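Numbering-wise, UniProt numbering puts 39 at position 39 of the sequence shown, and it's gapless, one number per residue.
We put the CB at the ideal spot given by N, CA and C, even for glycine.
Remember, it's a predicted structure, so these values are computed and weren't measured experimentally.
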Amino acid sequence: MMLEKTTRLNYLFDFYQSLLTPKQKSYMSLYYLDDFSLGEIAEEYNVSRQAVYDNIKRTEAMLEQYEEKLLLFQKFQKRQELMTKLREFSAKTDRNAEIGSLLNELEKLD
1 MMLEKTTRLN YLFDFYQSLL TPKQKSYMSL YYLDDFSLGE IAEEYNVSRQ AVYDNIKRTE
61 AMLEQYEEKL LLFQKFQKRQ ELMTKLREFS AKTDRNAEIG SLLNELEKLD
């Protein structure tokens, strides 16, 4: 369960990080991408562990709100699902090279 949450938040961070403040970006990056502890981040920024925790929790909630409104991650997941189905279909048809080429172009858009 924790891994699923971490993976989801990494995707949300990837999609919406440009909407965050520099401090929010930094805390989230250190915590989720670089695997820093709350204490290590607090030491780095000379703030309390609680301040880091509160900032990360607020930022997580903001990312979820952005996703509720914009659905970028949901749409990404659906595109990935459809591309997988198309790849499976293309393997069964005699026009698979053409379909594969189109799928590669589609993947580059993400």
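Item, Value
"Alpha-carbon to alpha-carbon, Y11 and K75", "12 Å"
"Test item: CB-CB of Y27 and N55 under 7 Å", "yes"
"Buried versus exposed call for T93 [16 or more other C-beta atoms within 10 Å across all chains shown]", "exposed"
"Anticipated Cβ contact below 8 Å, F73 with E81, distance rounded", "Not quite, the Cβ-Cβ distance comes to about 13 Å (not below 8 Å), so this is no contact."
"Nearest neighbour of T7, chosen from A42, P22, K78 and L33 [CA to CA]", "L33"
"Reduced DSSP category for D34 - H, G, I as helix; E, B as strand; rest coil", "coil"
"Anticipated Cβ contact below 8 Å, T59 with L20, distance rounded", "6 Å"
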